[in-house]
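Notes to accompany the following structure.
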Amino acid sequence: MKNLTKNNTILLFILIIIITAIFVLFGISNFKKQYTTLSEEILFKEASAHYDNMINTRLWNSNHGGVYVLANKDLKPNPYLKDNHLYSKDDKLLIKINPAWMTKQISILSNKNSNYFYKITSLNPINPDNKADSFEEEALKFFDKNKEQRFYSKFEDDKFNFMGSLLVNQSCLKCHAQQGYKLGEVRGGLRISIPLGSYNQNIDLIEENSSLFIYIVIFFSILSIAVIVYFINTIYNKQNEIKILNNTLEDKVKNRTTQLNNMYENEKYLKDVLKLVANVNEMLLKSDSFRTIAKNSIDRLAQHKQYKFIWTGLYYENHFEQVYKSHNSNAFLNDELSQVALEAINTKKTIIHKIKKKNIEFNRRSEDIEASYNINIPYSYNKVMGVMTIYTDAKDGFKKEEINMLEQIINDVSISMNAQVHKQTILKMENDKIANYEETILAFVNIIEQRDTYTAGHTIRVAQYCKLIAKELKLKDAEIKKLEQAAILHDIGKVAIPDAVLLKPGKLSPLEYELIKYHSEAGYKMLLKIDMYKDLASIIKYHHSRYDGKGYPLTSHPDEIPLLSHIMIVADAFDAMTTNRIYKPRKAVKEALEDIRKGAGTQFHPGIAKAALKSLANIKIEDTTQLPTTELEEKRFAYFFHDTLTTLYNENYLEPMLAKEKENLKYLYNIQEHNFSSYNEKYGWEKGSELIKEFAQLLLKEIPTEYIFRFHGDDFIILSKKQLDEKRINSLIKDLLKNTDISFEIKKYTINSNFNIQDLSYD
Numbered sequence: 001m002k003n004l005t006k007n008n009t010i011l012l013f014i015l016i017i018i019i020t021a022i023f024v025l026f027g028i029s030n031f032k033k034q035y036t037t038l039s040e041e042i043l044f045k046e047a048s049a050h051y052d053n054m055i056n057t058r059l060w061n062s063n064h065g066g067v068y069v070l071a072n073k074d075l076k077p078n079p080y081l082k083d084n085h086l087y088s089k090d091d092k093l094l095i096k097i098n099p100a101w102m103t104k105q106i107s108i109l110s111n112k113n114s115n116y117f118y119k120i121t122s123l124n125p126i127n128p129d130n131k132a133d134s135f136e137e138e139a140l141k142f143f144d145k146n147k148e149q150r151f152y153s154k155f156e157d158d159k160f161n162f163m164g165s166l167l168v169n170q171s172c173l174k175c176h177a178q179q180g181y182k183l184g185e186v187r188g189g190l191r192i193s194i195p196l197g198s199y200n201q202n203i204d205l206i207e208e209n210s211s212l213f214i215y216i217v218i219f220f221s222i223l224s225i226a227v228i229v230y231f232i233n234t235i236y237n238k239q240n241e242i243k244i245l246n247n248t249l250e251d252k253v254k255n256r257t258t259q260l261n262n263m264y265e266n267e268k269y270l271k272d273v274l275k276l277v278a279n280v281n282e283m284l285l286k287s288d289s290f291r292t293i294a295k296n297s298i299d300r301l302a303q304h305k306q307y308k309f310i311w312t313g314l315y316y317e318n319h320f321e322q323v324y325k326s327h328n329s330n331a332f333l334n335d336e337l338s339q340v341a342l343e344a345i346n347t348k349k350t351i352i353h354k355i356k357k358k359n360i361e362f363n364r365r366s367e368d369i370e371a372s373y374n375i376n377i378p379y380s381y382n383k384v385m386g387v388m389t390i391y392t393d394a395k396d397g398f399k400k401e402e403i404n405m406l407e408q409i410i411n412d413v414s415i416s417m418n419a420q421v422h423k424q425t426i427l428k429m430e431n432d433k434i435a436n437y438e439e440t441i442l443a444f445v446n447i448i449e450q451r452d453t454y455t456a457g458h459t460i461r462v463a464q465y466c467k468l469i470a471k472e473l474k475l476k477d478a479e480i481k482k483l484e485q486a487a488i489l490h491d492i493g494k495v496a497i498p499d500a501v502l503l504k505p506g507k508l509s510p511l512e513y514e515l516i517k518y519h520s521e522a523g524y525k526m527l528l529k530i531d532m533y534k535d536l537a538s539i540i541k542y543h544h545s546r547y548d549g550k551g552y553p554l555t556s557h558p559d560e561i562p563l564l565s566h567i568m569i570v571a572d573a574f575d576a577m578t579t580n581r582i583y584k585p586r587k588a589v590k591e592a593l594e595d596i597r598k599g600a601g602t603q604f605h606p607g608i609a610k611a612a613l614k615s616l617a618n619i620k621i622e623d624t625t626q627l628p629t630t631e632l633e634e635k636r637f638a639y640f641f642h643d644t645l646t647t648l649y650n651e652n653y654l655e656p657m658l659a660k661e662k663e664n665l666k667y668l669y670n671i672q673e674h675n676f677s678s679y680n681e682k683y684g685w686e687k688g689s690e691l692i693k694e695f696a697q698l699l700l701k702e703i704p705t706e707y708i709f710r711f712h713g714d715d716f717i718i719l720s721k722k723q724l725d726e727k728r729i730n731s732l733i734k735d736l737l738k739n740t741d742i743s744f745e746i747k748k749y750t751i752n753s754n755f756n757i758q759d760l761s762y763d
């Protein structure tokens, strides 16, 4: 297309669009013809189907030698048929229906009741009614000339005419032999006319749609041509604009080339400065003190051939204190140059100063120094301001890009100087952190103790067991110390567990157990964020894992679990087995160690288990309990063990209370209600609940100092240190239940060392 002119391109696209449109129009026309042909074929098949049905009917009649039916007013004997009737035994007239007469009668009935027209016809009919009209005559003559053809059809304005030939067979000769017909000749035909109403509507619709599509194709073709012409014109116009721009660009390139040649020398100069930047930056990475940074920076900057002298100093208490200079001169600044440097510090801005030779006081011959400008760049070091002064002999002084680079260098030098100060501060802080390591661990332990006193005792015991097992394994003191610290913190993740789950004194539900399992992962993530605890984090992460890969988190191989974690797993399990729980009494040391022996190779590392059996054999277990010992813990227990309907204790608290107060309690009263379910059925659950609450309030009011429990839904249990006034309680309950069908009884039990809650009897 590159070599095509605009007009040729337009003509090419117009030709493509016209050819495409012609193909589309041809397709529309072809579709219309195919649809018309298909519709005509459908009409023809429909007519031939009617014809076949009529022929089959005639054949059936012929095969039976005609049929006889009772005569009626609408049915007369065929006058053109011999033996066209007979009488039955009861003297009733029976009319003979031969194939031709049957065809005649069916045609009359169909023509009367439908829009279709049927007629049996012949060029030489016996019955005048069967005389052929113009279409029928045309069709019969066609059959006469074309013996092999069986059908003839023709369209008229409002109907489709169809005729199928009727050939002479043996039964036909009974009536038509005198007409000279022979077997197999065309005797006549069966005409069927189908109305063309629906057909014409469909053809008209196809015509309309075809015309519409033709108009659409023409419209879009014209529109496409217009769009193509527009875009081609636009493209060629843009090409012309580009040509003009190219010509203009050539002129600009020539001018720019001249400018670049002028810039080359400047770039070469700046490259030298950039090399200095790279050298200084490399030096900053290797320097480890303030004065070393200052010295190395100035020495490298002094390598530039046009930098004749460099000096830096800090401004203390109204005077400059020299830090380093590029020449061994005792003095180089007079009052004027000092004031310029001080102005840079006070304004915190770079100042470029054009100097005279008399301003420079080097202890060298004046002819040895040729400086035209100096640049004074301020910086800060450890909250003290300083300045770096650089002298150049360049005729025009310092270039803009050069100034930016030097400012960046001095800024980097300042950052590096201050970084050394921060580094020393950080090192001191790190040392302080390490010094306070033990205090930090104890602070974490205090967090655990304040939240859950049981966990606090547990962590201290686990740390003790870990230490004993580690010593048995002859681990290094540093490893044992690390293990003890990890053991003290191994349950720190429990701070992420809700109180309702963590402080629950009873058995946990499956969901609560899943929440508790998260504490090892939570503790791992907490400690992993603190550098000094990272080693401990990896130990506590696996303290609930198993040697066989089960537990949590799951592991694929025992070596995935650190050795110190294997020790903690055994120690943690040993303490759990030898500690009293509300829902499970503790095991003896011997029993616990036997469980560890059985779990070696599955739950526990075999080597660790073996060491534990030896190191923990003589451990004396302190008596521990999860039962409340303070007022706060009493309230916590009450939260879990209060009945929500009555505010009494629920039956889950009965066994813990008996375990805690068994020595102080003397009597248990069991108030059993009967027929309460009938009361609920009669008055509804809401009324039943109200009665239970009234019952509870009565007991609380009468014996407020006793332990009262709601038991088995509608019963109550009272734990008491003394005998109660049973008669009064009995009277009060009777008064409460007097208008109900509920009965009750009070059973009294003495609490002694052999008493068991399972001893309660129910009728």
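Residues in the sequence shown are numbered consecutively from 1, following UniProt numbering.
Positions of the beta carbon are idealized from the N, C-alpha and C atoms, including for glycine.
Distance between residue j and residue i (C-alpha atoms, nearest Å)
| i | j | result |
| --- | --- | --- |
| K614 | E472 | 8 Å |
| Y707 | L732 | 19 Å |
| L59 | P99 | 7 Å |
| Y465 | I540 | 15 Å |
| F143 | T57 | 22 Å |
| N61 | S165 | 18 Å |
| N675 | F744 | 9 Å |
| E591 | A617 | 11 Å |
| R364 | M417 | With a pLDDT of 46 at R364, under the threshold of 50, the modelled position of that residue is not reliable, and no figure is offered here. |
| Q34 | I16 | 27 Å |
| I757 | L654 | 8 Å |
| L205 | N169 | 46 Å |
| F362 | D335 | Reliability fails at F362, whose pLDDT of 49 lies under 50, so the model's placement of it is uncertain and no value is given. |
| Y199 | R187 | 32 Å |
| N30 | E137 | 35 Å |
| A331 | N404 | Only weak support is given to the placement of A331: the predicted model assigns it a pLDDT of 41, under 50, and the question is left unresolved by the model. |
| S366 | Y316 | Legend: pLDDT at S366 = 44, less than 50; position of this residue unreliable, value from coordinates given subsequently. Going from the Cα of S366 to the Cα of Y316 covers about 30 Å. |
| L427 | N580 | 48 Å |
| T705 | A696 | 14 Å |
| V589 | D575 | 10 Å |
| L699 | L511 | 36 Å |
| K383 | T389 | 20 Å |
| Y683 | D735 | 19 Å |
Beta-carbon proximity of residue i to residue j, cut-off 8 Å
| i | j | result |
| --- | --- | --- |
| I192 | Y116 | yes |
| V323 | L314 | yes |
| V570 | I480 | no |
| F711 | I703 | no |
| L140 | L123 | yes |
| I214 | I14 | no |
| H490 | G457 | no |
| D595 | M568 | no |
| N652 | H642 | no |
Supposed close pair residue i, residue j - CB separation, criterion 8 Å
| i | j | result |
| --- | --- | --- |
| T392 | A371 | 7 Å |
| L75 | I106 | The pair is not a contact, with the Cβ atoms about 12 Å apart (cut-off 8 Å). |
| Y236 | K6 | 5 Å |
| K747 | Q672 | 7 Å |
| V413 | Y379 | 7 Å |
| F398 | Y373 | 6 Å |
| I692 | L724 | At roughly 20 Å, the Cβ-Cβ gap does not stay under 8 Å, so I692 and L724 are not in contact. |
Beta-bridge partners of residue i, as assigned by DSSP
| i | result |
| --- | --- |
| R728 | Answer by DSSP bridge pairing: none, since R728 is not bridged. |
| M163 | Y152 and R191 |
| K119 | R191 |
| Y552 | Looking at the DSSP assignment, Y552 forms no beta bridge with any residue, so it has no partner. |
| E673 | F744 |
| Y381 | V384 |
| V67 | I97 |
| H642 | Y649 |
| G313 | Q322 and V387 |
Review point. Is the stretch 478-495 close to the stretch 545-553, with three or more CB pairs under 8 Å?
Key: Output reads no: the stretch 545-553 does not touch the stretch 478-495.
Review point. Are the stretch 719-731 and the stretch 653-672 touching by the rule of at least three beta carbon pairs closer than 8 Å?
Key: A contact exists between the stretch 719-731 and the stretch 653-672.
Check your understanding: Does the stretch 38-53 come close enough to the stretch 151-165 to have 3 or more Cβ pairs within less than 8 Å?
Key -> These segments touch.
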